[in-house]
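**Q** By my numbering, the letter at position 69 of the sequence shown is numbered 69, and the numbering carries on one by one without gaps.
C-beta atoms are modelled at their ideal positions from N, C-alpha and C, and glycine is treated no differently.
Just so it is clear, the structure is predicted and the values come from calculations on it, not from any experiment.
Once you've had a glance at the structure underneath, I'll fire off some questions.
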Amino acid sequence: MRTFYFILITLMFVVFNVNLYGQDNTPIIKDAPTVYLKCWQCDLTRLKREINYVNYANQRQDADVIVIVTSQSTGTGTKNLIYFEGQHQFTGIADTSEVDVPDTETESVSDDKLISNIKQGLLRYIIRTPLISKINYDVAINNTKKEEIILDPWDSWVFSLSMRGGFSGESSYNRKSLNGSFRAGRVTKVDKWRFYA
1 MRTFYFILIT LMFVVFNVNL YGQDNTPIIK DAPTVYLKCW QCDLTRLKRE INYVNYANQR
61 QDADVIVIVT SQSTGTGTKN LIYFEGQHQF TGIADTSEVD VPDTETESVS DDKLISNIKQ
121 GLLRYIIRTP LISKINYDVA INNTKKEEII LDPWDSWVFS LSMRGGFSGE SSYNRKSLNG
181 SFRAGRVTKV DKWRFYA
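Here it is, written out as structure tokens:
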């Protein structure tokens, strides 16, 4: 009988804890669209912290906007495709965005790019809500500088000179060697030259 009560109490404790952890304590934002996000490669905690002006749904049918992020490998890294699809009051508003992530980028930089693109994609839905009055925006204009002309006294030529030598021997023989090499190369937008000697 004691075993039965022990199992019952343990089971109640586990169920009670699961329910506590399963509840979402995120406050509901008035007039904000509800987003269903499916992204297995995303840092969802960071994404929800940085995009905190929408409500998040656990079920696809409860969402006003569905965001699905997929990825595929490329020769130089990964391409993330972001699909946006509107439902309810946003029916008919859909878009696709893509983010190229080279292998050389850190996870933090690739997350920044992905979050930035998701923010841009959600903007077309947010501007159709009363939240439009709370949007601040800046447009960064790149000042295009004239290409600097660098004077190269070597005219794109690269020279390399190397020497190598060695000595080995025993009582019955000895060996000495001396090797050298010379390389010259020139690479420009028009042509490429290499010489070896």
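1. How big is the Cα-Cα spacing for Gln59 and Thr188?
2. Looking at Tyr53: is its Cβ nearer than 8 Å to the Cβ of Ile82?
3. Leaving out five residues on either side along the sequence, give the residues of the same chain with a beta carbon under 6 Å from the beta carbon of Ser168.
4. When you compare only the Cα positions, how much space is there between Thr3 and Leu44?
5. Which first and last residues belong to the alpha helix (DSSP H) in which Ile51 is found?
6. Count Cβ pairs between the region 113 to 124 and the region 146 to 159 that sit closer than 8 Å; are there 3 or more?
7. Report the residue ranges of all alpha helix (DSSP H) runs contained in full by the region 148 to 175; include only those spanning at least 4 residues, in chain order.
8. Report the three-state DSSP secondary structure of Lys38 (helix, strand or coil).
9. Can you grab the Cα-Cα spacing for the pair Thr106 / Ser177, in whole Å?
**A** Taking the geometry as given:
1. Their Cα atoms are separated by approximately 57 Å.
2. Cβ atoms of Tyr53 and Ile82: not closer than 8 Å.
3. Within the same chain, Arg175 come within 6 Å of Ser168 by CB-CB distance, once the 5 residues on both sides are set aside.
4. C-alpha separation (whole angstroms): 41 Å.
5. Counting along the chain, no alpha helix (DSSP H) covers Ile51, and no H or E run does either.
6. Segments in contact, no.
7. DSSP assignment within the region 148 to 175 yields no whole alpha helix (DSSP H) run of 4 residues or more.
8. If DSSP states are grouped into helix, strand and coil, Lys38 belongs with the strands.
9. Their Cα atoms are separated by approximately 48 Å.
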